[in-house]
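Asks:
2 protein chains.
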Amino acid sequence: MADRPLRELDGKTPLEAANKPALDEIAHLGECGIMDPISPGRPPGSDVANLALLGYDPFVCYRGRGALEALGAGLDVQEGDVAFRGNFATIDQKGVLVDRRAGRVDGRVFKEYLTDVILPSYPEVQVTVCPTVEHRLAIVLKGKGLSWRIGDSDPHGGEAPPKKVEPLDRSPEAKGTAEITNELLQVLKERLGDCPINQRKVEQGLKPANIILVRGAGAPPQIESLRKLYGVSGACVAVNAVVRGACCSAGFDILEVPGGTGGVDTDTVAKARVVEEIIRRYDFVYLHVKGTDNASHDGNIELKIKMIEKIDAMVRHLLDHLNLDETYIAITADHTTSLRQRDHRGDPVPLALLGPEVRRDNVTAYGERACASGGLGRIRGVNLMPILMNFLGNVPLYGS
Amino acid sequence: MADRPLRELDGKTPLEAANKPALDEIAHLGECGIMDPISPGRPPGSDVANLALLGYDPFVCYRGRGALEALGAGLDVQEGDVAFRGNFATIDQKGVLVDRRAGRVDGRVFKEYLTDVILPSYPEVQVTVCPTVEHRLAIVLKGKGLSWRIGDSDPHGGEAPPKKVEPLDRSPEAKGTAEITNELLQVLKERLGDCPINQRKVEQGLKPANIILVRGAGAPPQIESLRKLYGVSGACVAVNAVVRGACCSAGFDILEVPGGTGGVDTDTVAKARVVEEIIRRYDFVYLHVKGTDNASHDGNIELKIKMIEKIDAMVRHLLDHLNLDETYIAITADHTTSLRQRDHRGDPVPLALLGPEVRRDNVTAYGERACASGGLGRIRGVNLMPILMNFLGNVPLYGS
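Line order of the protein sequences matches chains E and B. Residue 155 in this note's numbering is what sits at position 155 of the first sequence, and the numbering runs on without skipping anything. For this note's numbering, count along the second sequence from 1 and bump the result up by 400.
(1) Determine the direct distance from the alpha carbon of G774/B to that of S373/E, and round the result to whole angstroms.
(2) Please look up how many angstroms separate the CB atoms of V257/E and A270/E, rounded, as I've assumed it's under 8 Å.
(3) Can you tell me whether P805/B is buried or exposed, with buried defined as 16 or more other CB within 10 angstroms of its CB?
(4) Step through the CB atoms of chain C and report whether any lies within less than 8 Å of the CB of V48/E.
(5) Using a Cβ-Cβ cut-off of 8 Å, state whether I305/E counts as contacting chain B.
(6) From this set, K494/B, G495/B, A489/B, T577/B, which residue's C-alpha is nearest R504/B's C-alpha?
(7) Mind checking whether V477/B and S547/B have CB atoms under 8 Å apart?
(8) Flag this pair as touching only if the segment 632-640 of chain B and the segment 489-501 of chain B have three or more C-beta atom pairs under 8 Å; answer yes or no.
(9) Would you tell me roughly how many angstroms separate the C-alpha atoms of R745/B and N694/B, rounded to the nearest one?
(10) Once you ignore the five residues that flank R101/E on each side, which residues in its own chain have a CB closer than 7 Å to its CB?
(11) Just to confirm before moving on: does the CB-CB distance between C371/E and P386/E stay below 8 Å?
(12) For the segment 609-638 of chain B, list every residue whose C-beta sits within 8 Å of some C-beta in chain E, in sequence order.
(13) Distance check for M707/B and L739/B, CA to CA, integer angstroms please.
(14) What does Q341/E touch in chain B if you count any residue whose Cβ is under 7 Å from its own?
(15) So R380/E contacts chain B; which residues on that side make the cut at Cβ distance below 8 Å?
(16) Hey, does G432/E have any beta-carbon neighbour from chain B nearer than 8 Å?
(17) Which partner residues does F84/E have in the DSSP bridge list?
(18) Quick one: give me the first and last residue of the beta strand (DSSP E) that E31/E is part of.
(19) What separation, rounded to the nearest whole angstrom, lies between the Cα atoms of A617/B and T732/B?
(20) Does the beta carbon of E8/E come closer than 8 Å to any beta carbon on chain B?
(21) Is the segment 155-174 of chain E touching the segment 105-113 of chain E, taking contact as three or more C-beta pairs under 8 Å?
(22) 8 Å is my cut-off, CB to CB: does P443/B come that close to chain E?
(23) Comparing the C-beta of I803/B with each C-beta of chain E, is any distance below 8 Å?
(24) Taking a contact to mean a Cβ-Cβ separation below 8 Å, would you say F284/E touches L226/E in this structure?
(25) Can you list the residues of chain B that G377/E reaches, using a CB-CB cut of under 9 Å?
(26) Excluding the 5 residues flanking I197/E on each side, which residues of the same chain have their C-beta closer than 7 Å to its C-beta?
(27) From L724/B to E757/B, what distance separates their C-alpha atoms?
(28) With a CB to CB cut of under 7 Å and the five nearest residues on each side skipped, what residues in its chain are close to E425/B?
(29) Should I34/E be flagged as near chain B, meaning a C-beta pair shorter than 8 Å?
(30) Three or more C-beta pairs under 8 Å: does that hold for the segment 443-460 of chain B against the segment 548-563 of chain B?
(31) For the beta strand (DSSP E) containing T292/E, name the first residue and the last one.
(32) Is it buried or exposed for G262/E, if we count other Cβ within 10 angstroms and need 16 for buried?
(33) Between which two residues does the beta strand (DSSP E) harbouring H344/E extend?
(34) Using C-beta distances below 7 Å, list every residue in its chain close to L606/B, excluding the 5 sequence neighbours before and after it, in chain order.
(35) DSSP puts R615/B in a beta bridge; with which residues?
(36) Rounded to a whole number of angstroms, what is the C-alpha to C-alpha distance between T727/B and D594/B?
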């Protein structure tokens, strides 16, 4: 949601240009500030940004995106497991990657061909391959002596063959896990090549999903649940797998979101309705909308503004349907995504906090600059959760 | 440049009292804040302050001033070496220090008498003695098992004999290096005593430079170059040795500055001209003016204001001659030096940031208090470099 000033918007940011009366109302009635998601100037990936907003210092606890992605897909990932995210992709007869997304195929059609995978050289390793959304998938390896310190097979652009997965440190565990992964990718390639869906695609001149690319090998973050830290229950209202995964590792219930797509076509008000329904059953709800980020990565100013206005409608629903005498609401972004650069940037994000006991300040609008003069000053992402829990009276005293 | 409010200036700081339209223009068009050079309330030395502004946490990487001073004098200082800064000084016949600066002698006249120094007990130790500006000098020791954890021979004021250099920890390396240094200072004392320049001075009733005092033993800071961290090239436009040394350890090219003196008589516009000439060859230029600090240490209000106005002329030249569509400019101070206390203080310094994508705020003047209400809030010195590199798109994403 956060961005930089744009010439196209007469020097305003998309947030400043959007019509967002509900967000402004929260800023006006609440206490505002700006927040460096992980540290000043440092652009965060969505994985570490969401861990930080949940109160976990990613510089301490982060161990790769793959495990978050797999947890978010509903897979079981335990300490000792290694998980990846990946894509179905298309290689040509020479083995060169010609489509990193296999024509944005719906990978779930291949599910039955990717079960009961046994690796000939490593029969003791348990493999789970789970197609998620469109061409995306998650993989979990379970076995002894696995390491998440291994590289990607995804060459990340260019017409090149997929890369061999390499260890990222000199441990025998990393070397072994790289070998296991390379063998797995070979087995999956054979399975996909043989499967009738792909053979039909080839006959029809379509791009077969004939290879799987993996990236972001990871282990689950080493963190304690929010319940353990603050004695609160948490629910996640999000569709994006990595956001769900971060919430899952914090011990939250992951709720189904009818109408939620994880894209710009998501039904934001439907998300607010889910919150309205479940708010009495949980102490804390993490509500995430991905669409503004998608629009930013596409460089689509108009769409980003439209998404902000859809978020505003969602927030209006919350304001109208939650009991504001006993509810705290924090409105923020997990990172700045620059429309101009089409990528994440390390600029701070705006934050507005509404609730019965906040120190209301003079800020009257929600935006990157308006919030900067607010009473919260400039904080870090990891500060947000203790600040919220403090309002609930749930932060244990330090000292005595 | 930064200071505290002064009664003599009707409660204004020197920055607030000075006429500085160019600095104000940057504040007006840019984004402002205040910055604790190292940490709130903690007065930094110039060495650690400049390391922090270059993005290096001095609480982690700093290992004494001497190595920075020697690097800044153009000497070769490697890991394992120990370097000092020092003064030519005068002792009387009883060995008591009577002038810490030997009448502010130009030490370079002694250069030939200070070469090929061999220590009788430590012939394997290589010694370089390099007179720098006025009575100042730098010394580098190279050898095995040296430690920078040793004290000063400079008694820092009072009519006392020079101190014996003592180890600052219990390691045999510190003990050995203290002994080596004491022997070196004895050898240098003999050489200076014997040299005809000093004999002539004694005959003329002038103070001979008959001893060398050392202080600030140091090893080079353990840091990675800016190129390694962010992929950018850097240039240093400064005369002050410790500023040059900090830039040198960050991997910058140290440029000659015609007209630069490191004092209040420096030609600030000449410095801006150097920047103008080289800006296209470097990604980052560190431009430092020392004179405001000198004026502060002397308690000279008028001179400090004049220096600020000279800095303003320099900034005007930059505004007029740089391509502001593609250049970011940060204006700040490496520390607060109090005119009243005549020393460094731990107050925050003002910061103004101009550039194509900054979030312009409502600040209209450059000063300690005006900047405090700006959009950058309150940051630390080590945050500045990532914030700048973020605007260049050069900070690596953390996470994925």
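Built from N, CA and C at the ideal position, the CB exists for glycine as well.
Replies: Let me lay it out:
(1) Those two C-alpha atoms are separated by around 7 Å.
(2) The distance from the Cβ of V257/E to that of A270/E is about 7 Å, consistent with a contact at the 8 Å cut-off.
(3) Not covered by the structure: residue 805/B. The range shown for chain B is 401 to 800.
(4) The displayed structure is made up of protein chains E and B, and chain C is not among them.
(5) So no, I305/E is outside the interface.
(6) Of the candidates K494/B, G495/B, A489/B, T577/B, the one whose C-alpha sits nearest the C-alpha of R504/B is A489/B.
(7) No. Outside cutoff.
(8) Result no; under three Cβ-Cβ pairs closer than 8 Å.
(9) Approximately 14 Å, taken between the alpha carbons.
(10) Spatial neighbours of R101/E in its own chain (CB-CB distance under 7 Å, excluding positions within 5 residues in sequence) are listed in chain order as N87, A89, H135.
(11) For the 8 Å CB-CB criterion, C371/E and P386/E do not form a contact.
(12) Residues passing the 8 Å Cβ filter: none.
(13) Linking L739/B to M707/B through their CA atoms gives a straight-line distance of about 13 Å.
(14) Against Q341/E, the close residues of chain B are G793, in the order they occur along the chain (beta-carbon pairs closer than 7 Å).
(15) Near R380/E there are no residues of chain B at all, since even the closest Cβ is about 11 Å away, more than 8 Å.
(16) Any question about residue 432/E goes unanswered here, given that chain E covers just 1 to 400.
(17) Beta-bridge pairing links F84/E to I139/E.
(18) Where E31/E is concerned, the enclosing beta strand (DSSP E) stretches over 31-36.
(19) Rounded to the nearest angstrom, the two C-alpha atoms are 28 Å apart.
(20) For E8/E, not one C-beta of chain B is nearer than 8 Å to its own C-beta.
(21) Of all C-beta pairs linking the segment 155-174 of chain E to the segment 105-113 of chain E, fewer than three are shorter than 8 Å, placing the two stretches out of contact.
(22) So, not an interface residue.
(23) Residue 803/B is absent from the structure shown; chain B starts at 401 and stops at 800.
(24) Yes.
(25) In chain order: G777, R778.
(26) Answer for I197/E: V109, F110, listed in chain order.
(27) Taking C-alpha positions only, L724/B is separated from E757/B by approximately 11 Å.
(28) L719.
(29) For I34/E, the answer is yes, since a Cβ of chain B falls inside 8 Å of its Cβ.
(30) Contact check between the segment 443-460 of chain B and the segment 548-563 of chain B: fewer than three CB pairs, one atom from each, fall below 8 Å, which does not count as touching.
(31) From DSSP, T292/E is part of no beta strand (DSSP E) but of the alpha helix (DSSP H) over 291-297.
(32) It is buried - the Cβ of G262/E has at least 16 other Cβ atoms within 10 Å.
(33) Judged by DSSP secondary structure, H344/E falls within the beta strand (DSSP E) whose first and last residues are 343-345.
(34) The residues are G503.
(35) Its beta-bridge partners are R485/B.
(36) If you draw a straight line from the Cα of T727/B to the Cα of D594/B, it is about 55 Å long.
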